[in-house]
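As structure tokens, the structure follows; a few thoughts come after it.
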Amino acid sequence: MTLADVGDYEAMLVSCIDPRMVAPVYKYMDQRGLTGQYSQLVIAGAAIAVVAPKFEVWRPAFWDNLATTVQLHHIKRVIAIDHRDCGAAEIAYGAASIADPQIETETHRKALAEFRKEVAQRQPGLTIETGLMALDGSIQMLG
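Taken in order, the sequence shown gives residues 2 to 144; the numbers are from my numbering.
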């Protein structure tokens with residue numbers, strides 16, 4: 002297989018390393034008909050890893066991966082899925098940031114808004130979808 006054989010794909014998925022989220026995220030992407038049609042970066046905190054000051058040293062890895070998948074796979078969109086009860090969110094923003102569902106939602110809403118802004122500035126041709134997934138796999142799209 003050569004690089005020319007890689008082909009075009011639909012999206013890049015950014016999701017969290019939390020083992021509880023592996024199956025729900027895969028199921029969500031499968032239900033959308035995207036199985037085999039996306040590249041994936043799994044990093045603690047998902048979009049939070051890209052925008053939180055606590056994880057600033059991780060940012061180049063994300064941006065390099067995004068640029069690479071744009072170049073190699075000609076993706077059309079980025080899908081970032083944060084999740085509830087995220088330990089990385091607590092590390093990044095403190096326990097108060099996830100103290101109750103309403104505060105937790107607002108924490109992710111702000112992080113995902115910053116994520117969308119940053120991606121749009123660096124890759125203006127991409128559609129950006131962001132969501133917050135519950136541990137049961139249900140998802141609330143934010144933004």
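Where is the CB? At the ideal position from N, CA and C, for every residue including glycine.
If we ignore side chains and look at the alpha-carbon of each, how far apart do residue 117 and residue 29 end up? In the sequence shown, residue 117 corresponds to position 116, counting from 1. In the sequence shown, residue 29 corresponds to position 28, counting from 1. Rounded to the nearest whole angstrom, the CA to CA distance from residue 117 to residue 29 is 20 Å.
Does the region 93-100 come into contact with the region 61-79, if we say contact requires no fewer than three beta-carbon pairs (one atom in each stretch) closer than 8 Å? Using a Cβ-Cβ distance cut-off of 8 Å, the region 93-100 and the region 61-79 are not in contact, since fewer than three pairs of beta carbons, one from each stretch, lie closer than that value.
Runs of 4 residues minimum, wholly inside the region 52-139: which ones carry the alpha helix (DSSP H) assignment? Complete alpha helix (DSSP H) runs here, min 4: 60-74, 88-94, 102-123.
Option in 48, 18, 23 with minimal Cα separation from residue 129: Working through the sequence shown from its first residue, we reach residue 129 at position 128. Nearest C-alpha to residue 129: 48.
Look at the alpha carbon of residue 112 and the alpha carbon of residue 101, and state the distance between them as a whole number of angstroms. Translated into the one-based positions of the sequence shown, residue 112 becomes position 111. Translated into the one-based positions of the sequence shown, residue 101 becomes position 100. Looking at the two C-alpha atoms, the distance is approximately 17 Å.
Output the distance between the C-alpha atoms of residue 10 and residue 36, rounded to the nearest integer angstrom. Walking along the sequence shown from the start, residue 10 turns up at place 9. Walking along the sequence shown from the start, residue 36 turns up at place 35. Those two C-alpha atoms are separated by around 10 Å.
Since I believe residue 79 is in contact with residue 120 (beta carbons under 8 Å), could you give me their beta-carbon distance rounded to a whole number of angstroms? On the sequence shown, residue 120 is found 119 positions in, with the first residue counted as 1. On the sequence shown, residue 79 is found 78 positions in, with the first residue counted as 1. Confirmed, Cβ separation roughly 6 Å.
Own chain partners of residue 143 with C-beta closer than 7 Å, once the 5 adjacent residues on each side are dropped: Position 142 of the sequence shown, counted from the start, is the residue given in the question as residue 143. The beta carbon of residue 143 sits closer than 7 Å to those of 109, 110, 113, 131, 132, 133, all from its chain and outside the five residues before and after it, given in chain order.
With 16 other CB atoms within 10 Å as the buried threshold, where does residue 104 fall? Along the sequence shown, one-based indexing puts residue 104 at 103. Label assigned to residue 104: exposed.
Report yes or no: do three or more beta-carbon pairs, one from the region 8-23 and one from the region 73-92, lie closer than 8 Å? Yes, since at least three Cβ pairs between the region 8-23 and the region 73-92 fall closer than 8 Å, the two stretches touch.
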